[in-house]
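Novice:
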Amino acid sequence: MNPSPFERLERLLPQETLAHGPLMAEYTSMKVGGPARLMMDVRDAEHVRLALDAAAREGIPVLRLGNGSNLLVADEGFEGLVLHFGRSFSRVTLEGESMTAEAGAPLMGLSRLAGEHGLTGLEFAAGIPASVGGAALMNAGAYGSEMAEIVTQVECLDGRGRRLRLGRGEIGYGYRHSRMMDEGLTVLSVTVALRRGDPELIANLVRDYQRRRREKQPLSYPSCGSFFKRPEGYYAGALIEAAGLKGCRVGGAEVSRLHAGFIINVGKATAADVLALMRHVRETVKAASGVTLEPEVRLIGVSGE
Ligand SMILES: Cc1cc2nc3c(=O)[nH]c(=O)nc-3n(C[C@H](O)[C@H](O)[C@H](O)COP(=O)(O)OP(=O)(O)OC[C@H]3O[C@@H](n4cnc5c(N)ncnc54)[C@H](O)[C@@H]3O)c2cc1C
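The numbering of the sequence shown is the numbering used here, which starts it at 99 and goes up by one.
1. May I ask you to report which of helix, strand or coil DSSP gives H215?
2. Do you know how far the Cα of M138 is from the Cα of T218?
3. Any heavy atom of ligand 1 closer than 8 Å to the beta-carbon of I300?
4. Identify every run of the alpha helix (DSSP H) within the stretch 276–350, keeping only runs that are complete inside it and at least 4 residues long; order them along the chain.
5. Any heavy atom of ligand 1 closer than 8 Å to the Cβ of F326?
6. Which residue spans inside the stretch 208–273 form an unbroken beta strand (DSSP E) run of at least 3?
7. Should the stretch 358–378 be regarded as contacting the stretch 254–264, the criterion being three or more beta carbon pairs within less than 8 Å?
8. Looking at T368: is its Cβ nearer than 9 Å to the Cβ of R380?
9. When the Cβ atoms of the stretch 102–116 are set against those of the stretch 163–172, are three or more pairs found closer than 8 Å?
10. Compute the Euclidean distance between the alpha carbons of V230 and M279, then round it to the nearest angstrom.
11. Leaving out five residues before and five after L107 in sequence, what residues of the same chain have Cβ atoms less than 8 Å from its Cβ?
12. Give the DSSP bridge partners of A141, in chain order.
13. Quick check on L391: does DSSP put it in helix, strand or coil?
14. In angstroms with no decimal places, state the Cα-to-Cα distance between V258 and L337.
15. Given this structure, state the Cα-to-Cα distance separating Y307 from G242, to the nearest angstrom.
16. Counting only the same chain and skipping the five closest in sequence on each side, list residues whose C-beta sits under 7 Å from that of E195.
17. Relative to ligand 1, is the shortest distance from any of its heavy atoms to the C-beta of M122 smaller than 8 Å?
18. Does L163 pass the burial test, meaning 16 or more other C-beta atoms within 10 Å, or should it be called exposed?
19. Tell me whether D296 is buried or exposed, calling it buried when 16 or more other Cβ atoms sit within 10 Å of its Cβ.
20. Quick check: V160 and L192, are their CB atoms within less than 9 Å of each other?
21. At a cut-off of 8 Å, would you count E313 as near ligand 1, judging by its Cβ distance to the nearest heavy atom?
22. Give me the DSSP bridge partner(s) of A197.
23. Select from K327, E298, C254 and I300 the residue whose C-alpha is nearest the C-alpha of G272.
24. In the DSSP assignment, the alpha helix (DSSP H) including L107 goes from what residue to what residue?
25. So E221 and L303 are supposed to be a Cβ contact under 8 Å. How far apart are they, rounded?
26. Which residue wins for smallest C-alpha separation from A143, given the options R312, H118, A201 and A240?
27. Quick check on R309: buried or exposed, where buried means 16 or more other Cβ atoms within 10 Å of its Cβ?
28. Distance check for A385 and C322, CA to CA, integer angstroms please.
29. Within 8 Å: the Cβ of T289 and any heavy atom of ligand 1?
30. So what's H182 in DSSP terms, helix, strand or just coil?
31. On a Cα-Cα basis, can you pick out the residue from F104, H118, V400 and R274 that is closest to E330?
32. Taking 8 Å as the cut-off, is the CB of A369 close to at least one heavy atom of ligand 1?
33. Which residues bound the beta strand (DSSP E) around R396?
What follows is the structure, given as structure tokens:
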């Protein structure tokens, strides 16, 4: 019998890096999502290149997964190859004021490392539970700063596994937006430029940001952080609160009472619960204020409409 496209793909990849049918709920901060057909624990760039090239030839969809803190995957799961950028692909090098990290390195760890070396620029990232690859792609930001201000180079692979080095001016950064997102590029490593700073001031700023998060965000529940993008001239959370939606629930998904911009998993929420609540929030806010909320969360296998 002829091997299937997945079997042909698998033969090219090291078996010890592959998992069959892992539940995406275990890899996402919202704790929902069905099984992935195949997942590769990324250990080196060469296997990512091989995987992308083979998946393109075989017509197998690819999902890049960092820390899963901004992903909502369907209950049916993902019928394709998940490239997981985690601990096994997270080496970091620091040269003077320049830090380069493989895509799976935790952003919070980079923020800590920068502080320990008296380098300023990554304080805003102290509470963002991202991988550096996901954060570079999403242009993650907080408290008036964002990745776009510090990223100087992103090393990527395109859909066929060709290597690209994008300098600052080529990344096309916008609000929670980048060229890597538009072109489906896979981020391998990210270089950021930091500056010398006062270690005490850096530590104080980090502590202040972390305190503000603990006070204002429902950190004890699974979530994807702010579910919606900030609409121009408004705050999504304020619009949702004004529409009377705090505490609104569908199944195990709830609009947080602490921060209405967060949808939290208060029980055994399914992706369908979260989506139904998301749609209800969008419709209600649109009717109340005329503003259309767009999800910041990346929806996989489901539609936002
Ligand atoms: C409690 C909490 C607080 C948060 N606070 C903030 C905040 O203050 N500011 C903010 O901006 N966000 C925040 N977020 C959202 C989230 O952390 C960011 O969007 C983050 O950048 C996602 O990174 P990740 O590694 O988890 O990416 P994932 O969720 O794994 O993926 C997000 C997107 O990036 C893509 N991706 C991931 N890795 C790669 C790669 N190597 N190459 C190509 N594509 C890739 C995925 O395909 C997907 O499209 C918060 C989330 C939570 C749960």
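Where a beta carbon is used, it is the ideal one built from N, C-alpha and C, also for glycine. Computed from a predicted structure; not experimentally measured.
Specialist: Based on what the coordinates show:
1. Counted from its first residue, the sequence shown places residue 215 at position 117. Coil at H215, not helix or strand.
2. As a working mapping, residue 218 is identified with position 120 in the sequence shown. As a working mapping, residue 138 is identified with position 40 in the sequence shown. One C-alpha to the other measures close to 34 Å.
3. Taking the first residue of the sequence shown as 1, we reach residue 300 at position 202. No; taking the cut-off as 8 Å, the Cβ of I300 has no heavy atom of ligand 1 nearer than that.
4. 277–281, 297–314 and 334–340
5. Translated into the one-based positions of the sequence shown, residue 326 becomes position 228. No, Cβ of F326 sits at least 8 Å from all heavy atoms of ligand 1.
6. 249–255 and 261–265
7. no
8. Here residue 368 refers to the residue found at position 270 of the sequence shown. Here residue 380 refers to the residue found at position 282 of the sequence shown. The answer is no: Cβ separation not under 9 Å.
9. no
10. The count along the sequence shown starts at 1 and reaches residue 230 at position 132. The count along the sequence shown starts at 1 and reaches residue 279 at position 181. Approximately 14 Å between the Cα atoms of the pair.
11. Stepping through the sequence shown from its first residue, residue 107 is reached at position 9. Excluding sequence neighbours, L107 sits near L136, A149, A152, A153, E156, I158 and L179.
12. The residue labelled residue 141 in the question sits at position 43 within the sequence shown. Ala is not the amino acid found at residue 141; the sequence shown has Arg there. Answer is none; R141 lacks a bridge partner.
13. In the sequence shown, counting from the first residue as 1, residue 391 sits at position 293. The answer is coil: DSSP assigns L391 none of H, G, I, E or B.
14. By 1-based counting over the sequence shown, the position of residue 258 is 160. By 1-based counting over the sequence shown, the position of residue 337 is 239. Per the sequence presented here, residue 258 reads as Arg, with Val not at that position. Each residue's Cα considered, the two are about 42 Å apart.
15. In the sequence shown, counting from the first residue as 1, residue 307 sits at position 209. In the sequence shown, counting from the first residue as 1, residue 242 sits at position 144. Looking at the two C-alpha atoms, the distance is approximately 11 Å.
16. The residue given as residue 195 occupies position 97 in the sequence shown. If we look at E195 and ignore the five residues flanking it on each side, its Cβ neighbours are L217, A291, L292, R293 and R294.
17. Working through the sequence shown from its first residue, we reach residue 122 at position 24. Not so, every heavy atom of ligand 1 lies at least 8 Å from the Cβ.
18. The residue given as residue 163 occupies position 65 in the sequence shown. Buried, because 16 or more other Cβ atoms sit within 10 Å of the Cβ of L163.
19. The sequence position of residue 296 within the sequence shown is 198, counting from 1. D296 comes out exposed.
20. Reading the sequence shown from its first residue, position 62 is the one you call residue 160. Reading the sequence shown from its first residue, position 94 is the one you call residue 192. The answer is no: Cβ separation not under 9 Å.
21. Position 215 of the sequence shown, counted from the first residue, corresponds to residue 313. Not so, every heavy atom of ligand 1 lies at least 8 Å from the Cβ.
22. Taking the first residue of the sequence shown as 1, we reach residue 197 at position 99. What sits at residue 197 in the sequence shown is Met, not Ala. Looking at the DSSP assignment, M197 forms a beta bridge with L192 and V290.
23. Mapped onto the sequence shown, residue 272 falls at position 174. It is K327.
24. Counting from 1 along the sequence shown, the entry for residue 107 is found at position 9. That run of the alpha helix (DSSP H) goes P103 to R109.
25. Your numbering for residue 221 matches position 123 in the sequence shown. Your numbering for residue 303 matches position 205 in the sequence shown. Contact flag correct, Cβ pair sits at about 4 Å.
26. As a position in the sequence shown, residue 143 is number 45, starting the count at 1. Measuring from the Cα of A143, the nearest candidate turns out to be A201.
27. Numbered from its first residue, the sequence shown carries residue 309 at position 211. It is exposed - the Cβ of R309 has fewer than 16 other Cβ atoms within 10 Å.
28. Locating residue 322 in the sequence shown gives position 224, counting from the first residue. Locating residue 385 in the sequence shown gives position 287, counting from the first residue. If I take the Cα positions, the gap works out to 25 Å.
29. Within the sequence shown, residue 289 is the residue found at index 191, counting from 1. False, no ligand heavy atom lies under 8 Å from that Cβ.
30. Start at 1 with the first residue of the sequence shown, and residue 182 comes out as number 84. Note: H182 maps to strand in three-state DSSP.
31. What you label residue 330 is simply residue 232 of the sequence shown in a count that begins at 1. Out of F104, H118, V400 and R274, R274 has the C-alpha closest to the C-alpha of E330.
32. Along the sequence shown, one-based indexing puts residue 369 at 271. Because no heavy atom of ligand 1 lies under 8 Å away, the Cβ of A369 does not count as near it: no.
33. As a working note, residue 396 is residue 298 in the sequence shown. First-last of the beta strand (DSSP E) with R396: R396 to I398.
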